[in-house]
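Each residue of the sequence shown is one higher than the one before, counting from -4 in this note's numbering.
Notes follow the structure.
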Amino acid sequence: MTRNRTALGVVLIVVVVLATGIYLWRVGGPSGATAATAPADGAAITLVDQRDGGDAVASVDPSATDGPRTPTGLRCQRIYTAAGTTVCLRVAGIGPSFEAAVFVGGTVVKSIPLPGVPSRARVSASGKIVSWTVFVTGDSYSSAGGFSTRTGYFDLRSGEVVESLETYALTVDGTAHTASDVNYWGMTFEADDTAFYATVGTGGRRWLIKGSTASKTAATVRQGPECPSLSPDGKRLAYKKATKWVGRWELAVSDLATGVETVLPGTAGIDDQAAWLDDSTLAYGVPSQQTGVPGVYRVAADGKSEPVLVATAASSPVPAR
């Protein structure tokens, strides 16, 4: 299973890098070379338009099926917006190299070099903390030709940049964990901008963790959930969970008060950190089994209906809040 996931990850990295290089050649320069503005307030949903292999960010109506797309002027591999703050994981130069560009009110206030290929992006509900996850090759604990994930964040209040959660003190099942093969991915923040959930992988197992940016600590909650996403009301956690098929996941929602988990029908195949459009609806990307190109879907969080297609050839859906 580990071998299959490693091979899949390597293929994804190669595809992203090659596609990005081709796109740069076509447009004549890195994304930072052109003027860009953050998604306009009031847009129902923004996403990355991947038609023709592109990375243009557009706004769409989530109630329509593959409706018109209005360009925002941004170009990103991953994007997220909350409370007027946008984080755009984008191409920064040849190679290609990547950066996390942080926009406030349409102006870049911080650009942070990234050590690998963009994978996940988040902004806390207050707009005060942004985070990112990237694929990285060459870590000493990776298998030959393998990859790891690295997650960091930027606190707009203090200006602190934490390049990797690997510096945090981790407790696994109540015991201090010191193994070097630790990978974090998919942060999501509570309303206090201090507590967060994420995923950690170590020793061939994956755990949901809860951490604190104040104490720089994290502890496992339970095995299995990946890419958590906290609902706007803070009461439920959405995440992807493994199916019986290797390398395939489905979307689930857990009530944090009761622990009751609801698996959402029709979501098998997801490999994304879902985004809450509101307290009752999620949006996510899922690759086509025929082409491998992702499409964006929305689905009710109560598990009582099937997903609805929002946009073909698109990824990284996010509500404009």
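No residue lacks a Cβ here, since even glycine has one placed at the ideal position from N, Cα and C.
Quiz prompt | Length of the line joining the Cα atoms of serine 58 and alanine 164 | solution = Residue 58 sits at position 63 when you count from the first residue of the sequence shown. Residue 164 sits at position 169 when you count from the first residue of the sequence shown. Whole-angstrom Cα-Cα distance: 43 Å.
Self-check item: Sequence-distant residues of its chain with Cβ nearer than 6 Å to arginine 73 (five each side left out)
Solution: As a first step, residue 73 must be located in the sequence shown, where it is residue number 78. Taken in chain order, the residues that qualify are Leu84, Pro113, Ala116, Ser311.
Exercise. Enumerate, from N- to C-terminal direction, the unbroken beta strand (DSSP E) stretches of 3 or more residues contained entirely within the segment 53 to 117.
Key: 65 to 70, 73 to 77, 80 to 88, 92 to 99, 102 to 109
Quiz item: Which whole-angstrom value describes the C-beta separation of glycine 298 and valine 258, a residue pair presumed to lie in contact below a C-beta threshold of 8 Å?
Solution: The residue labelled residue 298 in the question sits at position 303 within the sequence shown. The residue labelled residue 258 in the question sits at position 263 within the sequence shown. The beta-carbon distance between glycine 298 and valine 258, rounded to whole angstroms, is 7 Å. This is short enough to meet the 8 Å contact definition.
Practice problem: Take aspartate 150 as the anchor and find which of Ile107, Val55, Val255, Arg243 has the nearest alpha-carbon. | Solution: Against the sequence shown, residue 150 aligns to sequence position 155. Aspartate 150 has its Cα closest to that of Ile107, out of Ile107, Val55, Val255, Arg243.
Quiz item: Distance, Cα to Cα, lysine 205 vs tyrosine 192?
Solution: Numbered from 1 along the sequence shown, position 210 holds the residue referred to as residue 205. Numbered from 1 along the sequence shown, position 197 holds the residue referred to as residue 192. When rounded, the separation of the alpha-carbon atoms in lysine 205 and tyrosine 192 is 5 Å.
Quiz item: Per DSSP, which one or two residues make a beta bridge with glutamine 218?
Solution: Against the sequence shown, residue 218 aligns to sequence position 223. Looking at the DSSP assignment, glutamine 218 forms a beta bridge with Trp202.
Practice problem: Under the assumption that proline 227 contacts leucine 203 (Cβ atoms under 8 Å), give the Cβ distance between them as a whole number of angstroms. | Solution: Within the sequence shown, numbered from 1, the residue matching residue 227 stands at position 232. Within the sequence shown, numbered from 1, the residue matching residue 203 stands at position 208. The Cβ separation is near 19 Å, so there is no contact.
Quiz item: The beta strand (DSSP E) spanning isoleucine 124 covers which residue range?
Solution: As a working note, residue 124 is residue 129 in the sequence shown. Its beta strand (DSSP E) spans residues 124 to 132.
Quiz prompt | Residue span of the beta strand (DSSP E) that contains tyrosine 345, given as start and end | solution = The chain is shown from -4 up to 316; residue 345 falls before or after that span and cannot be answered.
Quiz prompt | Where the beta strand (DSSP E) containing isoleucine 40 begins and where it ends | solution = The residue labelled residue 40 in the question sits at position 45 within the sequence shown. Taken as a continuous stretch (DSSP letters only), the beta strand (DSSP E) holding isoleucine 40 covers 40 to 44.
Exercise. Give the straight-line distance between the Cα atoms of aspartate 266 and alanine 309, rounded to the nearest whole angstrom.
Key: One-based indexing of the sequence shown puts residue 266 at position 271. One-based indexing of the sequence shown puts residue 309 at position 314. Distance between the alpha carbons of aspartate 266 and alanine 309 is about 14 Å.
Practice problem: Go through the segment 244 to 285 residue by residue and report every complete run of the beta strand (DSSP E) that reaches 3 residues or more, in order. | Solution: 244 to 250, 256 to 258, 270 to 273, 276 to 282
Quiz item: In this structure, does DSSP put aspartate 47 in helix, strand or coil?
Solution: In the sequence shown, counting from the first residue as 1, residue 47 sits at position 52. Here aspartate 47 sits in helix by DSSP.
Self-check item: DSSP three-state assignment for alanine 231, whether helix, strand or coil
Solution: Within the sequence shown, numbered from 1, the residue matching residue 231 stands at position 236. What sits at residue 231 in the sequence shown is arginine, not alanine. In the three-state DSSP reduction, arginine 231 falls in the strand class (E or B).
Quiz item: Anyone know if the C-beta pair for glycine 111 and phenylalanine 130 falls short of 8 Å?
Solution: Taking the first residue of the sequence shown as position 1, residue 111 is located at position 116. Taking the first residue of the sequence shown as position 1, residue 130 is located at position 135. Result yes, Cβ atoms of glycine 111 and phenylalanine 130 sit closer than 8 Å.
Exercise. Mind checking which residues open and close the beta strand (DSSP E) that includes alanine 193?
Key: If you number the sequence shown from 1, residue 193 lands on position 198. It spans 190 to 197 - the beta strand (DSSP E) in which alanine 193 sits, taken as one unbroken run.
Quiz item: Roughly how many whole angstroms lie between the Cα atoms of glutamate 158 and serine 119?
Solution: Indexing the sequence shown from 1 puts residue 158 at position 163. Indexing the sequence shown from 1 puts residue 119 at position 124. Near 17 Å, if we compare the C-alpha coordinates of serine 119 and glutamate 158.
Self-check item: Span of the beta strand (DSSP E) around leucine 304
Solution: As a first step, residue 304 must be located in the sequence shown, where it is residue number 309. Where leucine 304 is concerned, the enclosing beta strand (DSSP E) stretches over 303 to 306.
Self-check item: Residues near glycine 49 by beta carbon distance below 6 Å, same chain, minus five either side
Solution: On the sequence shown, position 54 is the one that residue 49 refers to. None.
Exercise. Determine the burial state of tryptophan 244: buried for a count of at least 16 other Cβ atoms within 10 Å of its Cβ, exposed for fewer.
Key: Residue 244 sits at position 249 when you count from the first residue of the sequence shown. Tryptophan 244 comes out buried.
Exercise. In the DSSP assignment, find the unbroken beta strand (DSSP E) run with valine 321 in it and report its ends.
Key: Outside the shown range of the chain (-4 to 316) lies residue 321, about which nothing can therefore be said.
Quiz item: How big is the Cα-Cα spacing for valine 255 and alanine 233?
Solution: As a working mapping, residue 255 is identified with position 260 in the sequence shown. As a working mapping, residue 233 is identified with position 238 in the sequence shown. Whole-angstrom Cα-Cα distance: 12 Å.
Exercise. Please classify serine 119: does DSSP put it in a helix, a strand, or coil?
Key: Translated into positions along the sequence shown, residue 119 becomes position 124. Here serine 119 sits in coil by DSSP.
Exercise. Round the Cβ separation of isoleucine 40 and alanine 269 to the nearest angstrom and send it over; I've been treating them as touching at under 8 Å.
Key: Looking up residue 40 in the sequence shown gives position 45. Looking up residue 269 in the sequence shown gives position 274. Their Cβ separation, rounded to whole angstroms, is 13 Å, which puts isoleucine 40 and alanine 269 out of contact at 8 Å.
Quiz item: Does DSSP classify tryptophan 240 as helix, strand or coil?
Solution: Numbered from its first residue, the sequence shown carries residue 240 at position 245. Here tryptophan 240 carries a coil assignment [DSSP, helix/strand/coil].
Practice problem: State the CB to CB distance for the pair valine 125 and alanine 78, rounded to an integer number of angstroms; the pair is presumed to be in contact (CB under 8 Å). | Solution: Position 130 of the sequence shown, counted from the first residue, corresponds to residue 125. Position 83 of the sequence shown, counted from the first residue, corresponds to residue 78. No, valine 125 and alanine 78 are not in contact; Cβ-Cβ is about 11 Å, not under 8 Å.
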